[in-house]
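Asks:
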Amino acid sequence: MPSLSRIFARGSRVPALVLSLTAVACGGSDPAAIEPPITEPNPPETSTPTLTRTVLMTGLAGPWDIAFSSDGVMFFTEKCRGLSARRADGSITRLFGTTGSALVAPDLVCQGQSGMHGVALDPQFATNRTVYVYMASNINANPRTNRVVRLQLNEGFTSASARTDIVTDIAFKHVGNAHGSAGAHSGGRIRFGPDGFLYITTGDNHNAVVPQSQTLLGGKVLRVTRDGTAASGNNPPSGFDTRIFTYGHRNVQGIAFRPGTGQVFVGEHGPNHSDEVTPIVAGGNGGWDPQNRPGLNCPDNYCGYAGTATTMPMTDLARFPNAMRASWTNNGASQGMSPIAFLNGVQWGTWNGRLAVGIMAGQRMELLTLDAAGMTTATVNSGLPQTRYRALTQGPDGSLYVATDSGEIWRVTPSTAQGSRQSRE
Ligand SMILES: [Ca+2]
496 MPSLSRIFAR
506 GSRVPALVLS
516 LTAVACGGSD
526 PAAIEPPITE
536 PNPPETSTPT
546 LTRTVLMTGL
556 AGPWDIAFSS
566 DGVMFFTEKC
576 RGLSARRADG
586 SITRLFGTTG
596 SALVAPDLVC
606 QGQSGMHGVA
616 LDPQFATNRT
626 VYVYMASNIN
636 ANPRTNRVVR
646 LQLNEGFTSA
656 SARTDIVTDI
666 AFKHVGNAHG
676 SAGAHSGGRI
686 RFGPDGFLYI
696 TTGDNHNAVV
706 PQSQTLLGGK
716 VLRVTRDGTA
726 ASGNNPPSGF
736 DTRIFTYGHR
746 NVQGIAFRPG
756 TGQVFVGEHG
766 PNHSDEVTPI
776 VAGGNGGWDP
786 QNRPGLNCPD
796 NYCGYAGTAT
806 TMPMTDLARF
816 PNAMRASWTN
826 NGASQGMSPI
836 AFLNGVQWGT
846 WNGRLAVGIM
856 AGQRMELLTL
866 DAAGMTTATV
876 NSGLPQTRYR
886 ALTQGPDGSL
896 YVATDSGEIW
906 RVTPSTAQGS
916 RQSRE
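Using the working numbering, the letters of the sequence shown correspond one by one to residues 496 to 920.
1) Contact check, Pro909 vs Trp843 under 8 Å by CB: the rounded distance?
2) With 16 other CB atoms within 10 Å as the buried threshold, where does Arg785 fall?
3) Is the separation between the beta-carbon of Ala970 and that of Phe667 shorter than 7 Å?
4) Considering Asn623, what are the terminal residues of the beta strand (DSSP E) in which it resides?
5) For the structure I just gave you, are there three or more beta carbon pairs, one from the segment 569-583 and one from the segment 553-561, closer than 8 Å?
6) Taking its Cβ as the centre, do 16 or more other Cβ atoms sit within 10 Å of Gln748, making it buried, or is it exposed?
7) Is it the case that the CB of Thr572 approaches a heavy atom of ligand 1 more closely than 6 Å?
8) Does the beta carbon of Glu771 fall short of 6 Å from some heavy atom of ligand 1?
9) Compute every distance between the C-beta of Thr696 and the non-hydrogen atoms of ligand 1, then say whether any falls below 6 Å.
10) Can you give the beta carbon distance from Met819 to Ile775, rounded, assuming they're within the 8 Å contact cut?
11) Quick check on the DSSP output: what are the complete alpha helix (DSSP H) runs of length 4 or more inside the segment 716-767, in order along the chain?
12) Below 8 Å on the Cβ atoms is my guess for Val759 versus Ser822; work out the distance and round it to an integer in Å.
13) Would you tell me roughly how many angstroms separate the C-alpha atoms of Asn792 and Gly799, rounded to the nearest one?
14) With H, G and I counted as helix, E and B as strand and the rest as coil, what does DSSP make of Gln606?
15) So, at 6 Å on beta carbons, what are the nonlocal neighbours of Pro834 in its own chain, with the 5 sequence-adjacent residues on each side left out?
16) Starting from Val662, trace the beta strand (DSSP E) both ways and give me its first and last residue.
17) In chain order, which alpha helix (DSSP H) runs of at least 4 residues are fully inside the segment 627-654?
18) Which of the three DSSP states is assigned to Val841 in this structure?
19) Helix or strand or just coil, what does DSSP make of Trp846?
20) Distance check for His669 and Asn635, CA to CA, integer angstroms please.
21) Going by DSSP in three states, Ala511 sits in which element: helix, strand or coil?
22) Just to confirm the assignment, what range does the beta strand (DSSP E) spanning Glu771 have?
23) Roughly how many angstroms lie between the CA atoms of Ala813 and Ala801, to the nearest whole one?
24) Per DSSP, what kind of secondary structure is Asn817 in: helix, strand or coil?
25) Note down the Cα distance separating Asp690 from Phe563, rounded to an integer number of angstroms.
26) Which partner residues does Ala836 have in the DSSP bridge list?
27) Shorter than 6 Å, the distance from the beta carbon of Met809 to the closest heavy atom of ligand 1, or not?
28) Taking contact to mean 3 or more Cβ pairs, one atom from each stretch, closer than 8 Å, check whether the segment 736-747 and the segment 695-711 are in contact.
29) Span of the beta strand (DSSP E) holding Ser579?
30) If Arg548 and Val875 are in contact, beta carbons under 8 Å, what's the gap, nearest whole angstrom?
31) Under the assumption that Arg684 contacts Gly613 (Cβ atoms under 8 Å), give the Cβ distance between them as a whole number of angstroms.
Here's what the structure looks like:
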C-alpha cells in the first residue's frame with residue numbers, strides 16, 4: 496500500500512529512520528490500514544540497521560506493556576483500562592479490566608503510578624491459552640496490593656475466564672507520604688524466562704524497610720511457577736520468602752533475558768541519580784537500602800531522594816559488599832528508566848544482541864553493547880523520536896514494538912538502508 500516516508504539521517508552513529516504514516520486510531524479496525532509484512536533481505540552482520548517506524552495505534556490511555564502470541568496477535572495493557580488484544584486484521588477486543596471488558600476486574604485500582612501493568616503469555620499459550628497480568632487491586636482493602644492474575648482466553652481472543660490470582664501479596668503504597676501520592680513505585684513488569692518460570696518485578700513503595708525486607712515483596716524480583724509458588728533455585732538468604740529471586744531494588748520496571756545465555760537483566764529507576772541496568776543472579780542483593788541514616792534529611796524516614804550517589808547509592812557497597820554490580824548507570828543520571836529488551840536476530844545487523852533501554856523523562860531509547868559478563872562497554876542513542884518510552888517488546892516478526900506515554904504503539908522494523916528505501920518508495 497502507498498505510504499509516506501521520510502528519511503532522517505542524523506550522523507554516522509545514528510541510523511536513518513523511516514516513518515511510515517499509517518496510524519490506526521485506538522479501537523480502530525480498518526484492515527486496510529494494516530501494512531503487509533515487510534520482506535527484505537537480512538542486512539549483513541556488519542551493517543547498522545535502518546529503522547522503519549510505523550505508528551500502529553494512537554490515542555491509547557496509558558499503554559504500559561506489550562506481549563505477542565506466536566501467530567502475531569498483540570496484547571497490550573492500558574494502566575487504567577486493562578488488557579486488550581489486537582488481531583492481525585487490526586480488530587481489537589478488550590479482554591480484562593474496567594467496564595466494557597469481556598471479563599470485568601472490579602477490583603482494579605488505578606491510582607498514581609499504579610494500575611494494570613505487565614502482561615505475559617504462557618510459554619505454552621498456543622495450547623493452554625493462558626495469559627498473566629500484573630495489577631493493583633483492592634480485593635484486600637487495607638492495605639491494597641499488587642498482584643499477578645492468570646487468565647484463560649478462548650480461541651478467538653474474544654473472552655477471558657478462569658481468573659486465578661497467583662500472587663496476591665505484593666506491596667502497594669497504600670497512602671501518600673512526603674514523597675508522593677499512593678500507588679507510587681509499584682514495579683510491575685512480568686516476563687517468562689527461558690527457564691519457564693515467571694519473573695515479576697516490584698517496587699519499594701517509597702517505604703524504607705521494603706527493599707531489604709525478608710518478607711515484604713516490594714523492591715524485589717520474584718520468580719514463580721505458573722501457580723505462583725516459589726520456583727526452584729531461587730536461593731534467597733535464610734529467612735526470606737522463597738519466591739524472592741533478588742532483593743534490594745528500588746523500582747524495577749524492566750527485565751530481559753540475554754539471547755543465547757539466558758542471563759537476566761533488570762532496569763530500575765534511580766532516585767536523583769543513577770538509573771541502573773543490572774545483571775542479576777539468584778539470591779542476589781541489589782544493594783538499595785533507603786532506611787534512615789546519619790547525615791541525611793529523610794522525610795518519613797525514606798532516604799530514597801536524599802543524599803547523593805555517594806551518601807545514598809543505588810548499590811550500597813559499604814553496607815553490602817557483595818551486592819550485584821550495575822552494568823550501566825545511565826551516566827549517573829536518573830531519567831525514568833523503564834523497559835528493557837534485547838534486540839535479537841540478524842535483521843538487526845550490528846545491533847544484534849544489544850540491549851535496548853527505554854527512558855521516560857530522558858525521552859530516548861538507548862542501546863547498550865555488553866561484554867560477555869554483561870557489563871556495558873558502549874552506548875548509542877537509537878535515533879528514534881524523543882518521547883517517554885514505556886514498553887519494549889520484540890515481536891515474532893523480529894520487529895521491536897514500542898509503547899509510549901503519549902498513547903502510541905509503534906512497530907520498529909530494522910533493515911539495511913538500501914533495502915528499506917527500495918521497499919518503501
Ligand atoms: Ca543496585
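Note that the Cβ used here is the ideal one computed from N, Cα and C, for glycine as well.
Replies: From the atom records:
1) The C-beta distance from Pro909 to Trp843 rounds to 5 Å, short enough to meet the 8 Å contact threshold.
2) Note that residue 785 is Pro in the sequence shown, not Arg. Counting other Cβ atoms within 10 Å of its Cβ, Pro785 reaches 16 or more and is therefore classed as buried.
3) Summary: the structure shown does not reach residue 970, with the chain confined to residues 496 through 920, and so no result is reported for it.
4) Counting along the chain, Asn623 falls outside any beta strand (DSSP E), though it belongs to the alpha helix (DSSP H) covering Phe620 to Asn623.
5) Contact between the segment 569-583 and the segment 553-561 is established, with three or more Cβ pairs separated by less than 8 Å.
6) It is buried - the Cβ of Gln748 has at least 16 other Cβ atoms within 10 Å.
7) No, Cβ of Thr572 sits at least 6 Å from all heavy atoms of ligand 1.
8) Distances between the C-beta of Glu771 and the heavy atoms of ligand 1 include at least one below 6 Å.
9) Flag unset: Cβ of Thr696 not near ligand 1.
10) 6 Å between Cβ atoms; contact.
11) With a minimum length of 4 residues, no continuous alpha helix (DSSP H) run stays inside the segment 716-767.
12) That belief does not hold up - the Cβ atoms of Val759 and Ser822 are roughly 12 Å apart, past 8 Å.
13) Their Cα atoms are separated by approximately 10 Å.
14) Annotated three-state conformation of Gln606 is strand, per DSSP.
15) Only Gly749, Gly853, Ala886 and Leu887 meet the Cβ criterion.
16) Per DSSP, Val662 belongs to the beta strand (DSSP E) from Ala655 to Ile665.
17) Look at the segment 627-654 and you find no whole run of alpha helix (DSSP H) that is 4 residues long or longer.
18) It is helical.
19) Looking at Trp846 - three-state DSSP - the assignment turns out to be helix.
20) The alpha-carbon atoms of Asn635 and His669 are separated by roughly 11 Å.
21) Here Ala511 scores only 48 on pLDDT, less than 50, and its place in the model is too uncertain to base an answer on.
22) Unbroken beta strand (DSSP E) run through Glu771: Glu771 to Ile775.
23) About 17 Å.
24) Collapsing the DSSP output to three states places Asn817 in coil.
25) C-alpha separation (whole angstroms): 18 Å.
26) DSSP lists Ala851 as partners of Ala836.
27) Yes, ligand 1 has a heavy atom inside 6 Å of this Cβ.
28) At 8 Å Cβ cutoff, the stretches touch.
29) In the DSSP assignment, Ser579 falls within the beta strand (DSSP E) that extends over Gly577 to Arg581.
30) Contact flag wrong, Cβ pair sits at about 17 Å.
31) Rounded, the Cβ-Cβ distance is 5 Å, consistent with contact.
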